[in-house]
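What follows is a short report on a single structure.
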Amino acid sequence: MLPPIASRFVAGESPADALEHAREVNERDVSVILNRLGEHYDERGPAEDDAAAYRDLVEELANTDVDACISIKPSQLGLDVGDDTFRELVTDLVDHAADRDVFVWIDMEDHPTTDVTLDVFCDLARKHDGGVGLCVQANLKRTREDIERLADVPGKVRFVKGAYDEPASIAYKDKARVDEAYRELLEYAFEHFDGGIAVGSHDPEMIDLAKRLHDEYGTDFEIQMLMGVRTDAQFDLAAEGYDVWQYAPYGGKWLSYFWRRVRERKENLLFALRAVVGR
């Protein structure tokens, strides 16, 4: 059994646990993004195993009434093995999911992975005329140019502030500057994107900004938050009629998931503790 701190943020160890969690959250009109825990595989075997597990999950989603999709990490599907391995495995998975009308998100990891992740997303989004989404990080100085490239690409783009501790030469380090960059990215997206905007933030100011931008430009958007963080706000926003998605990890690798998050940035531990005590 998961310890209490983990069970708040992880939707169980098995796909059945994750689907049951999704059903419960769906009852409050919140949709779910399921992420099987696993990342940074340096051998092909584990990457193939996770890709196969995702294909099985896609089959289950296609044959149930659960309102959920999946999200993968590039290093989980072989990027640390090689760019070609990642492209092969993620293309096979997205093709499989597209045939079954299941949406696939591609998470963004640290900066050395950005270019290949962008390239693969653009290729797959155009191939399937959508059906796939990509995450971009406001703390990276390059992201404004990246979203200008993405403005005409079908699919969805999730905007987050960024959790990786990147070098100051390529990333904003000051929280206020990251917030400013996030606001600028949202403003550009609502003005230039034709829908497909996901506001991946727990920050009430950013969510309120998205609401105002939607009123100004009429651009469709959704709100995405992590499982276990501001859960009441997720339900409240859904009750107000907003499209809300909860990102819910699951699987047996929950301990390494937390350990990696804490090692990446000490602020991640403080963030988790604040969520546990409801602040």
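Once you know that position 221 of the sequence shown is 220 in numbering that gives the first Met the number 0, the rest is easy, because the numbers rise by one and skip nothing.
The beta carbon of each residue, even a glycine, is placed where N, CA and C say it ideally should be.
Small disclaimer: the values here were computed from a predicted structure and weren't measured.
C-beta atoms of residue i and residue j nearer than 7 Å
| i | j | result |
| --- | --- | --- |
| residue 137 | residue 180 | yes |
| residue 120 | residue 133 | yes |
CB contact below 7 Å: residue i versus chain C
| i | result |
| --- | --- |
| residue 231 | Absent here is chain C; the protein component of the structure consists of one chain. |
Which listed residue (the options) has its alpha carbon closest to that of residue i
| i | options | result |
| --- | --- | --- |
| residue 53 | 153, 97, 192 and 27 | 97 |
| residue 87 | 122, 21 and 201 | 122 |
| residue 220 | 229, 232, 236 and 226 | 236 |
| residue 113 | 95, 74 and 91 | 74 |
| residue 223 | 214, 204 and 244 | 244 |
| residue 50 | 71, 212, 166 and 199 | 71 |
| residue 105 | 117, 127, 64 and 111 | 117 |
| residue 107 | 69, 100 and 157 | 157 |
| residue 141 | 154, 129 and 177 | 177 |
Reduced DSSP category for residue i - H, G, I as helix; E, B as strand; rest coil
| i | result |
| --- | --- |
| residue 74 | helix |
| residue 15 | helix |
| residue 44 | helix |
| residue 168 | coil |
| residue 278 | Legend: pLDDT at residue 278 = 46, less than 50; position of this residue unreliable, value from coordinates given subsequently. It is coil, neither helix nor strand. |
| residue 9 | coil |
| residue 25 | helix |
| residue 62 | coil |
| residue 31 | strand |
With 16 other Cβ atoms within 10 Å as the buried cut-off, status of residue i
| i | result |
| --- | --- |
| residue 254 | exposed |
| residue 202 | exposed |
| residue 278 | Residue placement at residue 278 cannot be trusted, given a pLDDT of 46 that sits under 50; what the coordinates show is reported in the next sentence. That one is exposed. |
| residue 248 | buried |
First through last residue of the beta strand (DSSP E) which encompasses residue i
| i | result |
| --- | --- |
| residue 224 | 220 to 225 |
| residue 247 | 243 to 249 |
| residue 155 | 155 to 159 |
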